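Working notes, beginning with the structure itself.
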Amino acid sequence: MQTVKKSNVLKQLRIEKLGFSVLTILSIATVIPIIAVVIYIIYLGAPAISWEFVSAMPSEGMRAGGIWPAIVGTFYLTIGTALFSVPLGIAAAIYLSEYAPMNKVTQSIRLAIINLAGIPSVVYGLFGLGLFVIFLNFGTSILSASLTLSIMTLPVIISTTEEALRAVPQSFRVVSVSLGATKWQTIWRLVLPQAIPGILTGVVLGLERAAGETAPILFTGAAFFLPRLPNSPLDATMALPYHLFVISTQVPGMPIQIQYGTVLVLLVFVLIMNIIVTMIRSRARAKRQW
Amino acid sequence: MKENQTRIFEKIITRTIQFSGYSSILFVLLILFFLLSEGTPALFDVPLSQLFSERWYPIEDYYGILPLILGSLVVTLGASLVAVPFGILTAVFIAEIAPKWLQEIMKPLVELLAGLPSVVLGFLGILVVSPFLRDTLNLPTGLTALTGSLLLGGIAIPTIVSISEDALNNVPESYRHGSLALGLTRWQTIWGVTVPAAKSGILMAVMLGVGRTIGETMTVMMVTGNAPVVPTTLQALFMPIRTMTATIASEMGEVATGSSHYHVLFFIGIVLFLFTLLVNVIASNISSRKLKRSERILS
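Protein chains in written order, with the working numbering: chain C, 1 to 290; chain R, 1 to 299.
Here it is as structure tokens:
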């Protein structure tokens, strides 16, 4: 009896050991390609990077020169998206966390947000084309593209901000209101400042996604090639991700160097955004008093 | 006097915030409205039997969207076969097995993958994955459904990993302690206790991952070859294919506003919207069922 049990235990432990090894190998096999991709892009893209590459206009049908207008375009689009989506997203999150009653309407709002998060990016492109470009007559422009990207970014900003607001202990609010502050004063002076790291994380993640998107701007604001920088929100613009798409599929005889260089610039942008998020998180964790 | 001002200010702020809260509903309705108003004319322009036929050739007014729908489904299915096992197992590893230092390396890497723009994956697909598949499998072209599936798997993995991991972390520590105290090994605890307890969260992760895959555009457009053929056999996996998303993205730029082609592309948008809506409804049903069950346990 005793020996049977003992061998059973030994068997289970052997299974455990084997299982853990298999899982370790599979998981590492899942993340190794990510590291490989980063090294590969840096290795092949670095030789293309020069001051001229990031600061000059493209020349000879984009087969030479730099990618400056694409960088500027992505910068404009990101700022434009932030202008609309950040205030609206934070306000919506404040409503959901601090004001919204538990009723059917609030439930519909949540359903709507889940829905917005699931809509494919190319469908946002169609919507932007229908509403902003054609119906409101903004044309293919930075304005149309930014508005389209804003609505796509909203769900990310709303859900992360709401989570950050809810994490602030209820007692903070109770004390503030009992001292005579109004509801808004409590939110503005007490709850929001405590939630800032969480909100920033959401904003950065949302904007990172918006800046990397191509499909929503294809027919709302992206230009194949522009000989000059856009000078009003109603101009179309080049953008980094779209530029990469163009030079890797639409331009025959494109030097591979320029393609890898463009990918590297995009990768560096993503890495910087990710590092910012990680830093905000770890600093917030260290400083938190509750 | 000052008190009065504060009260009015408070009222304005409250209204503004309330309106912002409602805005999400407004946007969903607007999106629905514009899709329907631009897409439903397709039903009058093109006879229904032709719309769901097998030939997509807009230049000669053939608007059969069947190959596009099936193309999307094939690529999504292929991507799920890659992303679901790898995603769930990686989540289990990170949440239950990996030592702290390895967690700290793996989590940011998965987040980095989530942040990579889809054009970058498409670019790598063209230059690395597709030549590799062409040479090793001896195919006429590397731009196939399989190439798209593999890369889309990479897009779904971060979603599946992070949501499953959250679900596993939400399983109370006492469950694991109870199981270990009864003499089960950690391995038995994971598959017999922890994973079943997190089942609904993991299912939701899978649904949301799949949802992202159906809607993904740039990567599939760049690497699947874009041939609108109806996949009939397993062989189709190794041939070019075309999805709904890629069709909209590549053709919308060239059509005249208000033409039949334009309306049909919007109609495809409606179909896509319905697909993702279905996936989301299933996912949110799973999560609300979870809530009810946990309420039952707590009461």
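For glycine and all other residues, C-beta sits at the position ideal for the given N, C-alpha and C. Keep in mind the model is a prediction, meaning the values are calculated, not measured.
Please state the DSSP three-state secondary structure of residue i.
{"i": "C/T237", "result": "strand"}
{"i": "C/I187", "result": "helix"}
{"i": "R/I241", "result": "strand"}
{"i": "R/G183", "result": "coil"}
{"i": "C/S202", "result": "The residue asked about is misnamed: residue 202 of chain C is Gly in this sequence, not Ser. In the structure shown, C/G202 sits in a helix (DSSP, three-state: H, G or I)."}
{"i": "R/G225", "result": "strand"}
{"i": "C/S141", "result": "coil"}
{"i": "R/L139", "result": "coil"}
{"i": "R/N285", "result": "helix"}
{"i": "C/L149", "result": "helix"}
{"i": "C/S50", "result": "coil"}
{"i": "C/F219", "result": "coil"}
{"i": "R/V161", "result": "helix"}
{"i": "C/P197", "result": "helix"}
For residue i, I'd like the list of residues in its chain whose CB is within less than 7 Å of its CB, leaving aside the five on either flank, ordered along the chain.
{"i": "R/L143", "result": "S130, V223, T224, G225 and P240"}
{"i": "C/D235", "result": "S141 and I142"}
{"i": "R/R212", "result": "I155, A156 and T159"}
{"i": "R/T141", "result": "R134, G225 and P240"}
{"i": "R/Y262", "result": "V255 and A256"}
{"i": "R/L68", "result": "W56, P228, R242, T243, M244, T247 and I268"}
{"i": "C/V168", "result": "V191, Q194 and A195"}
{"i": "R/L137", "result": "F238"}
{"i": "R/A83", "result": "G153, A156, I157, I160 and G209"}
{"i": "R/N280", "result": "G211"}
Beta-carbon within less than 6 Å of residue i's beta-carbon, same chain only, minus the 5 sequence neighbours each way: which residues are those?
{"i": "R/P231", "result": "L70 and V74"}
{"i": "R/A198", "result": "A167, L168 and V171"}
{"i": "R/E96", "result": "I190"}
{"i": "C/N8", "result": "none"}
{"i": "R/L113", "result": "P158"}
{"i": "R/P58", "result": "H261"}
{"i": "C/I280", "result": "P197, L200 and T201"}
{"i": "C/G206", "result": "T153, V156 and I157"}
{"i": "C/A284", "result": "P197"}
{"i": "C/F245", "result": "T214"}
{"i": "R/V92", "result": "none"}
Would a C-beta distance cut-off of 8 Å place residue i and residue j closer than the cut-off?
{"i": "C/P240", "j": "R/V120", "result": "Checking the sequence, you will find Leu at residue 240 of chain C rather than Pro. Result no, Cβ atoms of C/L240 and R/V120 do not sit closer than 8 Å."}
{"i": "C/T81", "j": "C/T153", "result": "yes"}
{"i": "R/M218", "j": "R/S118", "result": "yes"}
{"i": "C/N115", "j": "R/V28", "result": "yes"}
{"i": "C/P216", "j": "C/R63", "result": "no"}
{"i": "C/G202", "j": "C/V156", "result": "yes"}
{"i": "R/L146", "j": "R/G78", "result": "yes"}
{"i": "R/G215", "j": "C/S232", "result": "no"}
{"i": "C/Y260", "j": "C/G45", "result": "yes"}
{"i": "R/L109", "j": "C/I34", "result": "yes"}
{"i": "C/T220", "j": "C/F132", "result": "yes"}
{"i": "R/T90", "j": "C/T30", "result": "yes"}
{"i": "C/F135", "j": "C/S144", "result": "no"}
{"i": "R/G115", "j": "C/E208", "result": "yes"}
{"i": "C/I196", "j": "C/I90", "result": "no"}
{"i": "R/F86", "j": "R/L66", "result": "no"}
{"i": "R/L265", "j": "R/M252", "result": "yes"}
{"i": "R/S179", "j": "R/V195", "result": "no"}
{"i": "C/P230", "j": "C/T237", "result": "yes"}
{"i": "R/I25", "j": "C/S108", "result": "yes"}
{"i": "C/A211", "j": "C/F269", "result": "yes"}
Who are the Cβ neighbours of residue i in its own chain at under 8 Å, not counting the five residues just before and after it?
{"i": "R/G201", "result": "I163, S164, D166, A167, L168, N170, S287 and K290"}
{"i": "C/I247", "result": "M62, M254, I258, Q259 and T262"}
{"i": "R/A98", "result": "M106"}
Q. Does the segment 14-28 of chain R come within contact of the segment 93-100 of chain C, defined as at least 3 CB pairs closer than 8 Å?
A. Counting Cβ pairs under 8 Å, three or more are found: they touch.
Q | 4 or more residues per run - each alpha helix (DSSP H) lying fully within the segment 56-114 of chain C | A | Unbroken alpha helix (DSSP H) stretches of 4 residues or longer found wholly inside the segment 56-114 of chain C: 68-94, given in chain order.
Q. Is the segment 268-283 of chain R touching the segment 31-45 of chain R in the sense that three or more CB pairs, one from each, lie closer than 8 Å?
A. Here the segment 31-45 of chain R makes contact with the segment 268-283 of chain R; the two share three or more CB pairs at distances below 8 Å.
(Q) Extract the residue ranges of the alpha helix (DSSP H) inside the segment 191-216 of chain R, only unbroken runs of 4 or more that lie entirely within it. (A) Qualifying alpha helix (DSSP H) stretches, in chain order: 199-215.
Q: Entirely within the segment 221-276 of chain C and at least 4 residues each: give me those alpha helix (DSSP H) ranges in chain order.
A: Considered as a whole, the segment 221-276 of chain C harbours 240-245 as its complete alpha helix (DSSP H) runs of no fewer than 4 residues, in chain order.
Q: State whether the segment 7-18 of chain C contacts the segment 181-190 of chain R, with contact taken as three or more CB pairs (one from each stretch) at a distance under 8 Å.
A: Enough Cβ pairs lie closer than 8 Å, so yes.
**Q.** Stretch pair the segment 169-182 of chain C + the segment 47-61 of chain C: three plus CB contacts closer than 8 Å
**A.** No, the segment 169-182 of chain C is not in contact with the segment 47-61 of chain C.
Q.
I'd like to know if the segment 185-200 of chain C and the segment 72-79 of chain C are in contact, where contact means that at least 3 CB-CB pairs between them fall below 8 Å.
A. As far as the Cβ criterion goes, the segment 185-200 of chain C does not touch the segment 72-79 of chain C, which means the pair count is below three.
(Q) In chain order, what are the residue ranges of uninterrupted alpha helix (DSSP H) at least 4 long that sit wholly in the segment 2-54 of chain R? (A) Qualifying alpha helix (DSSP H) stretches, in chain order: 2-39, 41-45 and 48-51.
Q: For the segment 53-136 of chain R, list the alpha helix (DSSP H) runs that are entirely contained and at least 4 residues long, ordered along the chain.
A: Taking only runs of at least 4 residues, the alpha helix (DSSP H) segments lying wholly in the segment 53-136 of chain R are 66-92, 100-115 and 118-124.
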